[in-house]
Ligand code: HSE
């Protein structure tokens with residue numbers, strides 16, 4: 016069955032998702048009866064293209080890789096009235112997509128323009144699949160209610176630990192357990208940076224590398240100052256622990272004060288610096304923080320290296336359950352979009 020999809024934003028995640036669709040086209044069709052038709056893409060920098068009969072994904076990827084605009088797309092369908100001037104809102108409203116992938120710029124302070132994209136999609140009866148942390152961190156319950164009212168889905172697996180199934184794990188297999196605490200490493204960029212700095216690379220050089228590898232946010236201050244991990248903490252508290260948490264309630268420190276000397280001296284003490292995120296239910300409510308901690312090498316979190324993330328759920332029925340997996344990256348986050356779309360596909364099918 017064909018699912019018609021529009022992409023709002025065609026950066027690292029959108030392109031990663033499209034590469035997966037090309038790579039897995041046959042498997043997705045044979046195994047899950049799933050066919051994806053990308054009917055529109057709108058990106059503030061790369062231009063816009065829409066075709067009700069479906070776009071040639073490879074051509075779109077080639078255009079942006081060659082530094083050309085999507086507007087230069089050559090359509091091979093006849094009489095399809097391809098659109099080349101739709102901005103994000105026009106794409107959401109006018110395209111024949113059933114599913115909107117919100118992959119625009121992440122702003123965890125205002126959540127915009129992504130929140131408006133989500134609301135517009137819901138009011139137009141379209142599902143939202145997103146790895147954008149802004150809407151989920153700032154307006155999760157309001158957006159979820161609006162989606163439910165309009166009988167569509169608000170899917171956010173990619174907002175925490177890229178495609179590693181954190182939200183799905185807690186909402187699916189762990190349903191029925193009460194989660195009292197969550198602790199882990201939630202930012203791929205900073206974990207990669209700390210890992211490479213231990214091998215001798217300088218701060219500026221390693222940050223540049225993290226950007227090239229597609230780990231860092233468009234504005235990497237969000238990563239190194241802990242805002243990205245803080246947004247993930249807020250999402251996990253709101254979505255999985257039913258605790259409405261605002262940014263003011265999270266103690267936040269990034270890794271900008273961690274020097275190569277501190278990393279070297281930690282190594283000599285058999286310890287390692289990690290940016291640790293913690294949420295704990297306490298007698299007085301909740302304690303949440305993102306901060307660098309010097310862990311003994313015997314601590315399992317001390318041995319999570321590179322862009323890998325790890326998260327431990329403390330539960331009443333199973334004790335601690337830990338997931339270790341990709342935390343950032345082009346295909347890894349692209350996969351989170353696929354996994355949510357496949358979930359919608361299965362639900363519609365059944
Ligand atoms: N910049 C984020 C990170 C991307 O490094 O973890 C994934 O959310």
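Numbering (my numbering), first residue to last: 16 to 365.
Glycine is no exception: its CB is placed at the ideal position from the N, C-alpha and C atoms.
Between 95, 193, 27, which lies nearest to residue 330 when the distance is taken from Cα to Cα? If you number the chain shown from 1, residue 330 lands on position 315. Comparing Cα positions, the closest option is 193.
Tell me where the alpha helix (DSSP H) around residue 103 begins and ends. Position 88 of the chain shown holds residue 103. Segment 103 to 109, the alpha helix (DSSP H) holding residue 103.
Put residue 356 into one of helix, strand or coil per three-state DSSP. By 1-based counting over the chain shown, the position of residue 356 is 341. Of the three classes helix, strand and coil, the one that applies to residue 356 here is helix, per DSSP.
Any idea what DSSP makes of residue 170, helix, strand or coil? Numbered from its first residue, the chain shown carries residue 170 at position 155. The answer is strand: DSSP assigns residue 170 an E or B state.
Closest residue to residue 132 among 23, 309, 113, 321 (Cα-Cα distance): Looking up residue 132 in the chain shown gives position 117. The shortest C-alpha separation from residue 132 is found at 23.
Span of the beta strand (DSSP E), counted from its first residue to its last, around residue 145: By 1-based counting over the chain shown, the position of residue 145 is 130. Secondary structure note for residue 145: its beta strand (DSSP E) is the uninterrupted segment 142 to 145.
Residue 351, DSSP secondary structure in three states: Numbered from its first residue, the chain shown carries residue 351 at position 336. Of the three classes helix, strand and coil, the one that applies to residue 351 here is helix, per DSSP.
Say yes only if the C-beta of residue 121 is nearer than 6 Å to one or more non-hydrogen atoms of the ligand HSE, and no if none qualify. Locating residue 121 in the chain shown gives position 106, where the first residue counts as 1. The ligand HSE never approaches residue 121 closely enough for any of its heavy atoms to be under 6 Å from the residue's Cβ.
Shorter than 6 Å, the distance from the beta carbon of residue 343 to the closest heavy atom of the ligand HSE, or not? The residue given as residue 343 occupies position 328 in the chain shown. Flag set: Cβ of residue 343 near the ligand HSE.
Kindly list the residues whose CB is nearer than 7 Å to the CB of residue 35, restricted to its own chain and excluding five residues on each side of it in sequence; keep chain order. Residue 35 sits at position 20 when you count from the first residue of the chain shown. When the five nearest sequence neighbours on each side are left out, the beta carbons in the same chain lying within less than 7 Å of the beta carbon of residue 35 are those of 346, 349, 350, 353, in order along the chain.
Could you compute how far the alpha carbon of residue 144 sits from the alpha carbon of residue 235? For this step, residue 144 is matched to residue 129 along the chain shown. For this step, residue 235 is matched to residue 220 along the chain shown. Going by the C-alpha atoms only, they are around 23 Å apart.
Under 6 Å: does the beta carbon of residue 34 sit that close to some heavy atom of the ligand HSE? Start at 1 with the first residue of the chain shown, and residue 34 comes out as number 19. Answer for residue 34: no, Cβ out of range of the ligand HSE.
I need the DSSP call for residue 89, collapsed to helix, strand or coil. Mapped onto the chain shown, residue 89 falls at position 74. In the structure shown, the three-state DSSP call for residue 89 is coil.
Of the residues 32, 59, 61, the one placed nearest residue 52, counting alpha carbons only: Start at 1 with the first residue of the chain shown, and residue 52 comes out as number 37. Selection 32, 59, 61 evaluated against residue 52 yields 32 as nearest (Cα-Cα).
Is the segment 189 to 207 close to the segment 319 to 329, with three or more CB pairs under 8 Å? Touching, yes, given that three or more Cβ pairs across the two stretches are closer than 8 Å.
Give me the residue from 174, 117, 220, 29 with the minimum Cα distance to residue 76. Walking along the chain shown from the start, residue 76 turns up at place 61. Residue 29 holds the alpha-carbon nearest to the alpha-carbon of residue 76 among 174, 117, 220, 29.
Relative to the C-alpha of residue 63, which residue among 49, 48, 45, 85 is closest? By one-based count along the chain shown, residue 63 stands at place 48. Nearest C-alpha to residue 63: 85.
For residue 253, does the count of other Cβ atoms within 10 angstroms reach 16, so buried, or fall short, so exposed? Start at 1 with the first residue of the chain shown, and residue 253 comes out as number 238. Residue 253 is buried by the Cβ-count criterion.
Cβ-based neighbour list, residue 238, same chain, cut-off 7 Å, excluding 5 preceding and 5 following: What you label residue 238 is simply residue 223 of the chain shown in a count that begins at 1. Sequence-distant Cβ neighbours of residue 238 in its own chain, meaning closer than 7 Å and more than five residues away, are 202, 204, 205, 231, 232.
Where residue 308 sits in the DSSP three-state scheme: Here the question's residue 308 lines up with position 293 in the chain shown. Here residue 308 carries a strand assignment [DSSP, helix/strand/coil].
Where do the ends of the alpha helix (DSSP H) carrying residue 80 lie? As a first step, residue 80 is located in the chain shown; it is residue number 65 there, counting from the start. In the DSSP annotation of this structure, the continuous segment of the alpha helix (DSSP H) that includes residue 80 starts and ends at 72 to 80.
Please determine whether the Cβ atom of residue 88 lies at a distance below 6 Å from any heavy atom of the ligand HSE. The residue given as residue 88 occupies position 73 in the chain shown. Distances between the C-beta of residue 88 and the heavy atoms of the ligand HSE are all 6 Å or more.
Given a cut-off of 7 Å, decide if residue 40 and residue 196 are closer than it, judged by their beta-carbon atoms. Start at 1 with the first residue of the chain shown, and residue 196 comes out as number 181. Start at 1 with the first residue of the chain shown, and residue 40 comes out as number 25. Residue 196 is not a Cβ neighbour of residue 40, given a cutoff of 7 Å.
Please state if the CB of residue 129 and the CB of residue 149 are separated by a distance shorter than 7 Å. Along the chain shown, one-based indexing puts residue 149 at 134. Along the chain shown, one-based indexing puts residue 129 at 114. Result yes, Cβ atoms of residue 149 and residue 129 sit closer than 7 Å.
Is the number of C-beta pairs between the segment 334 to 346 and the segment 165 to 179 that are closer than 8 Å three or more? They touch, by the three-pair rule.
Could you pull out every residue in the same chain whose Cβ sits closer than 8 Å to the Cβ of residue 265, ignoring the five residues on either side in sequence? As a working note, residue 265 is residue 250 in the chain shown. In chain order, 245, 248, 249, 303, 304, 305 place their CB closer than 8 Å to the CB of residue 265, counting only its own chain and leaving out the 5 sequence neighbours on each side.
Residue 270 to residue 100, Cα distance in whole Å? The sequence position of residue 270 within the chain shown is 255, counting from 1. The sequence position of residue 100 within the chain shown is 85, counting from 1. Spanning the alpha carbons of residue 270 and residue 100 requires a straight line of approximately 42 Å.
Under 7 Å, do residue 21 and residue 106 count as touching if we go by C-beta distance? The residue given as residue 21 occupies position 6 in the chain shown. The residue given as residue 106 occupies position 91 in the chain shown. Contact: yes.
Ordered list of beta strand (DSSP E) runs contained in the segment 275 to 335, each at least 3 residues: List check, beta strand (DSSP E) in window: 286 to 297, 300 to 311, 323 to 330.
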